[in-house]
Amino acid sequence: MPRPLVIKVTCGDEDAERCNQAFTVAATAAAAGAEVSLWLTGEAAWLGVPGRAEAFALPLATPLAELRDVILQAGTLTVCTQCASRRGIGADDVLDGVRVAGAAVFAEEILRPDAQALVY
Numbered sequence: 425m426p427r428p429l430v431i432k433v434t435c436g437d438e439d440a441e442r443c444n445q446a447f448t449v450a451a452t453a454a455a456a457g458a459e460v461s462l463w464l465t466g467e468a469a470w471l472g473v474p475g476r477a478e479a480f481a482l483p484l485a486t487p488l489a490e491l492r493d494v495i496l497q498a499g500t501l502t503v504c505t506q507c508a509s510r511r512g513i514g515a516d517d518v519l520d521g522v523r524v525a526g527a528a529v530f531a532e533e534i535l536r537p538d539a540q541a542l543v544y
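Quick note, my numbering runs 424 ahead of the 1-based positions in the sequence shown.
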């Protein structure tokens with residue numbers, strides 16, 4: 425069994441390649457059977473809101489909405505509480521299946537003895 429993977433993505437449209445890479449790694453690991461938790465922080469917080477991933481475009485990349493849906497089906501997708509608040513995003517504004525949680529939950533996930541954490 426693969427070890428749990430926690431990925432934090434800190435960018436959105438302003439750094440499309442880095443953002444897409446985080447989603448690609450998360451979706452690939454989830455499809456391979458790993459326990460995956462993807463955290464949306466900074467401008468990536470917008471990608472937890474309906475329609476935002478659908479509007480994201482990067483040539484020659486799997487559509488972000490497709491990657492997001494794989495993660496939602498097989499893993500956990502979280503929007504950072506503070507990042508959401510700074511952008512006026514509330515718990516009722518995010519997609520079904522997306523949670524809003526803070527640093528304590530993130531720390532709990534990454535401090536598990538067998539967890540692997542990546543930041544994009």
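Positions of the beta carbon are idealized from the N, C-alpha and C atoms, including for glycine.
Treat the numbers as computed from the prediction; the structure is a model and nothing was measured.
Nearest candidate by alpha-carbon position, reference residue i, set the options
i: residue 485; options: 443, 429 and 469; result: 443
i: residue 436; options: 430, 503 and 537; result: 503
i: residue 472; options: 492, 532 and 530; result: 492
i: residue 434; options: 470, 455 and 454; result: 470
i: residue 466; options: 457, 456 and 438; result: 438
Three-state secondary structure assigned by DSSP to residue i
i: residue 528; result: helix
i: residue 498; result: helix
i: residue 431; result: strand
i: residue 511; result: coil
Same chain, Cβ closer than 6 Å to residue i, neighbours up to 5 away in sequence not counted
i: residue 427; result: 538 and 540
i: residue 478; result: 489
Cα-Cα separation between residue i and residue j, rounded to whole angstroms
i: residue 468; j: residue 450; result: 14 Å
i: residue 543; j: residue 432; result: 5 Å
i: residue 533; j: residue 523; result: 14 Å
i: residue 527; j: residue 509; result: 13 Å
i: residue 445; j: residue 531; result: 22 Å
i: residue 480; j: residue 521; result: 20 Å
i: residue 517; j: residue 511; result: 11 Å
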